[in-house]
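Reading through the structure tokens given below for one structure.
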Amino acid sequence: MKVAKLSKLAFCLLVSALVISGCGADTTSGELAENSSRDVSKSAVLTVEKKDLVATYSTHSSVESVSNFIVETSKQGSFVPKVPVGSIVKKGDVLALNSDVQLVSPVDAKVVKISDASTDLPSRFPVVELRYEGFSLAFQDESASGLGEASGVQGSFQIQNGLGPSECGALVLAQNSEGNGSESGAISENGNSISNPGGFLCLIDKSVPVRTGQQATLVLHGVKRNNVLAVPISAVAGRAFKGKVTLISTGKAEAVEVGLGVNDGAFIEITSGLKEGEKISAIAPNLDPRE
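Counted the way mature numbering (1 follows the signal peptide of the UniProt record, and there is no 0) counts, the sequence shown spans residues -21 to -1, 1 to 270.
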């Protein structure tokens, strides 16, 4: 009887030892995996290089009908209107002369308002309001670095569950519906003011089949920067004007402030704080779990 009891006790002790041993082995394995993961993260180092970047921005909008838009002066100087209010103009028609520059209509449109002649107006002053009798997509440039002048921006759109992608017929400055006072812009011949721009419009070519209210995704390409320092966006804490990266130097990691320029959704321009060939962490400083 005693022998049987002792045998059972020995068996239980053996099983307990195996269970405890097994738990210890699993814990050690987990710690090794975690340490290995940390070592891999520490080795994720990037080299600062130069490349070409095009400012890229995507946003969402809905299709609108009958859109008014603004034409601005392109430089400081005189302004002489060439078309009367109410006239119908074709794409490329001259609307006015701004010093030695011709201001032309980007699409077929109707002249709603136009400024009186002036001997001296500033650059980017609203002087003509046109109405496009077609569909459009309205948007604000909320990209971190800005897309640049409307004339230098190109865009395409995809209608949700519809045809596409399609190119914007023209990208123009939207009329600000809130600007009604005489201080908001130039005064036309009939006494009504031309309001300052209120964002942008992607004018949809009349051959593209869309309906009012349809949802769309817009992708816009603006300012191009050639041969500039650039790093992956994921390595930078911040998106506009200033940010931080982790500089790797002589085996030490240090968060440094950098100036930021345009980005294309994958890479961002570095305007100050880094030099070509320097090493940085692939992880942004405020996202690094080791800190």
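Note that beta-carbon positions come from the ideal geometry of N, C-alpha and C, so glycine has one too.
Check	Outcome
I'd like to confirm something about S213: is its beta-carbon nearer than 7 Å to some heavy atom of the ligand ADP, or not?	Although the ligand ADP was asked about, the structure shown includes no ligands whatsoever.
What's the C-alpha gap between S94 and V106?	5 Å
Please classify E28: is it buried, with 16 or more other beta-carbons within 10 angstroms of its beta-carbon, or exposed?	exposed
Less than 8 Å between the beta carbons of P60 and A96, yes or no?	yes
Looking at C-alpha atoms only, which residue of Q119, R103, G71, T38 is the closest neighbour of K54?	R103
Tell me which same chain residues have a C-beta within less than 6 Å of the C-beta of G143, skipping the five on either side of it?	Q137
In the DSSP assignment, find the beta strand (DSSP E) that holds G222 and state where it starts and stops.	221 to 228
May I have the straight-line CA-CA distance separating R110 from V202, to the nearest angstrom?	27 Å
If I'm right that S40 touches A195 with Cβ under 8 Å, what's the distance once you round it to whole angstroms?	6 Å
Using alpha carbons as the reference points, say which of L239, L74, P264 lies closest to V86.	L74
Let me confirm a value: Q154 is counted as buried when at least 16 other C-beta atoms fall within 10 Å, else exposed. Which label applies?	buried
Could you have a look at G131 and say whether DSSP puts it in helix, strand or coil?	helix
Expressed to the nearest angstrom, what Euclidean distance is found between the alpha-carbon atoms of V237 and P264?	12 Å
Measure the C-alpha to C-alpha separation of V50 and L197 and round it to an integer number of angstroms.	22 Å
DSSP beta-bridge partners for S38?	Residue 38 is actually Thr in this sequence, not Ser. According to DSSP, which records beta bridges pairwise, T38 is partnered with L197.
Can you tell me whether P60 is helix, strand or coil according to DSSP?	strand
Measure the beta-carbon distance from L208 to E248 and round it to whole angstroms, keeping in mind my assumption that it falls under 8 Å.	7 Å
Secondary structure at P85, three-state DSSP: helix, strand or coil?	coil
Starting from R103, trace the beta strand (DSSP E) in both directions and tell me its first and last residue.	R103 -> no beta strand (DSSP E), and no H or E assigned at all.
Could you name the residues of the same chain whose beta carbon sits closer than 6 Å to that of L226, not counting the 5 residues immediately before and after it, in chain order?	E233, V235, I259
Near T35, which residues of its chain fall below 6 Å by C-beta distance, leaving aside the five closest residues on each side in sequence?	H200, D243, G244
Kindly indicate the opening and closing residues of the beta strand (DSSP E) around T250.	246 to 251
Would you kindly report the start and end of the unbroken beta strand (DSSP E) that includes G240?	231 to 242
State the DSSP-derived secondary structure class of L(-16), mapped to helix, strand or coil.	Here the model assigns L(-16) a pLDDT of 41, short of 50, so the residue's position is not dependable, and the following value carries that caveat. Three-state DSSP puts L(-16) in a helix.
Could you tell me the distance, in whole angstroms, from the CA atom of E112 to the CA atom of G141?	22 Å
Below 8 Å between beta carbons: does that hold for F58 and N77?	yes
In whole angstroms, what separates the C-alpha of E168 from that of Q81?	Residue confidence is low: E168 scores 47 on pLDDT, short of 50, so the model does not pin down where it sits. No coordinate-derived value is stated.
For T52, count neighbouring Cβ atoms within 10 angstroms of its own Cβ and tell me buried if that reaches 16, exposed if not.	buried
What's the call for K231, buried or exposed, on a 16-neighbour Cβ count within 10 Å?	exposed
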